Amino acid sequence: MRTRIAAYLKEFHLIEKLELQTPITVEFLAQGEYNQNFLIYDEKKQLVFRLNYGSQLQLENQIQYEYQALRWLERTDRTPKVYFVDDSRRFFKQGLLIMEFLVGQPLDYRSDLAKAAKIFGEIHRQPIDDLAANFLVEEKKTILSARVEECQRLLAPVLKSDFVPLTAQRELARALERCTKNVDQQRFFTDLDLWCVNNTEVNSHNFIIGEKSYLIDWEKPVISHPVQDISQFLASTTTLWRSNLLLSQTEKHQFFDEYLDATGFDRIAFEEALRIYHPYLMLRALAWSAMAYDSYQTATKALKNQEIFEKVTSYLEPDFLQQALKEQVFE
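Printed below as a string of structure tokens:
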């Protein structure tokens, strides 16, 4: 793949267009569930070459969607600049984009919560203009029903799986039924009318903490209530995902205080939003984990990551699953 990327850059004259100097180097950088990332660089400049293998939003134009989102988000100065997109799939079978490589480390929950709160604040305060409204998926009237529909889709293979334990299937089915019955609570969010661009994948490794700090990996942003990002950021399934730790109630409250200071949002309304939304977030996280576990076992995954497989396996353990489905952000 590194050889093909180098050939692609040469054939489409991207070395000159991106103001790189030969010789350039291509190295593997990182791989998630739906994307592969490579580092391309010369003596002075570093860029990320990103190949897309699927869409969590069920989009035909996934890489174009991510590119447009990154262009819009440049106004925040908290996301990578993006320079090039190609969704023709003529050279590669995948859509691709090229963006800025940001220097730093993943977020440390013990020391970087205040920095994360400021990043969220600067992104969530951005008003939704016509440009964003015209291309981003919108959940203004469907913040809960969208999670139910997503979980129904994720759980379709799970509830007939030969690999997902029956106890996990039953727990997830019961949780889906509870969430479906309570979906009318989304009127609370409609009445608040507080909407912003949410990243929706805010684990510690999607932050770059350095001299200046950023939020990366914008493959599935949506227009929604900001509770979507905050609920996920504080969830046990998120903090355990790459950092293998749980936040204390004190740490959660400290982060939340910083976030409210950064945004000016009403505390009482936001705490109620967290109480209503969090069960839907937890169901979505666990439904995705069960789906991923099943797809790894049935060999239907285009990309595979052993660390992720081990984590989703642990999330299906009976004690963890039961506790997680009852979780609330604040006790």
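Numbering (full-length UniProt numbering), first residue to last: 1 to 331.
Where is the CB? At the ideal position from N, CA and C, for every residue including glycine.
Please read these numbers as outputs of a predicted model, since none were measured by experiment.
C-alpha gap between residue i and residue j, whole angstroms
| i | j | result |
| --- | --- | --- |
| Y277 | P165 | 27 Å |
| S289 | D129 | 34 Å |
| L260 | R125 | 11 Å |
| residue 340 | E11 | Only positions 1 to 331 of the chain appear in this structure, which leaves residue 340 out of reach. |
| K45 | F256 | 37 Å |
| V48 | I5 | 11 Å |
| L96 | L14 | 13 Å |
| Q306 | P127 | 39 Å |
| V137 | K220 | 9 Å |
| D266 | A299 | 47 Å |
| K160 | R170 | 11 Å |
| S111 | N206 | 16 Å |
| K311 | F320 | 12 Å |
| L245 | T239 | 6 Å |
| Q254 | E150 | 31 Å |
| T25 | D42 | 6 Å |
| Q322 | S314 | 12 Å |
| K252 | R275 | 14 Å |
| T3 | P23 | 13 Å |
Close beta carbons around residue i, own chain, < 6 Å, minus the five adjacent residues each side
| i | result |
| --- | --- |
| Y8 | F91 |
| V202 | D229, Q232, F233 |
| C196 | H124, P226 |
| F135 | Q68 |
| A30 | N37 |
| Q186 | I143, L144 |
| L73 | T79 |
| F309 | Y296 |
| E16 | none |
Nearest-angstrom beta carbon gap, residue j and residue i [assumed within contact, 8 Å]
| i | j | result |
| --- | --- | --- |
| T200 | Q232 | 7 Å |
| G210 | G104 | 3 Å |
| L172 | A324 | That belief does not hold up - the Cβ atoms of L172 and A324 are roughly 11 Å apart, past 8 Å. |
| L87 | I63 | Inspection of the sequence shows that residue 87 is occupied by Asp rather than by Leu. Their Cβ separation, rounded to whole angstroms, is 5 Å, which keeps D87 and I63 in contact under 8 Å. |
| S236 | E327 | 6 Å |
| E27 | T76 | Not quite, the Cβ-Cβ distance comes to about 28 Å (not below 8 Å), so this is no contact. |
Residue i and residue j closer than 8 Å at C-beta
| i | j | result |
| --- | --- | --- |
| P106 | I216 | no |
| S243 | K115 | no |
| P157 | M1 | no |
| F84 | L18 | yes |
| L113 | E258 | yes |
| Q56 | Y34 | yes |
Residues near residue i by beta carbon distance below 8 Å, same chain, minus five either side
| i | result |
| --- | --- |
| L192 | H225, A269, A273 |
| F188 | E272, A273, I276 |
| R89 | G95 |
Option in the options with minimal Cα separation from residue i
| i | options | result |
| --- | --- | --- |
| V82 | V103, L57, R50 | R50 |
| residue 336 | Y67, L102, Q64, E310 | Not covered by the structure: residue 336. The range shown for the chain is 1 to 331. |
| L316 | D42, A168, G54 | A168 |
| L283 | L154, S295, L70 | L154 |
| E100 | P221, R71, R110, T237 | R71 |
| T250 | M291, K220, R187, F330 | F330 |
| E177 | H205, S145, I208 | S145 |
| L131 | R242, I223, Q186 | I223 |
| D162 | Y293, K141, L321 | Y293 |
| S204 | Y109, T298, K141 | Y109 |
| T190 | V183, Q254, K141 | K141 |
| C179 | F188, N198, V148 | V148 |
| D184 | Y280, W241, K252 | Y280 |
| A133 | F188, R275, N198 | N198 |
| E139 | K181, L194, N182 | L194 |
Cβ shell of residue i (< 7 Å), same chain only, five flanking positions each side left out
| i | result |
| --- | --- |
| Q94 | L51, N52, Y53 |
| N61 | D87 |
| E66 | L97, W218, E219 |
| A175 | L283, L325 |
| P318 | T167 |
| T263 | G121, H124, R125 |
| I208 | L102, G104, Y214, I216 |
| W241 | N203, K311 |
| A285 | A235, T237 |
| N182 | none |
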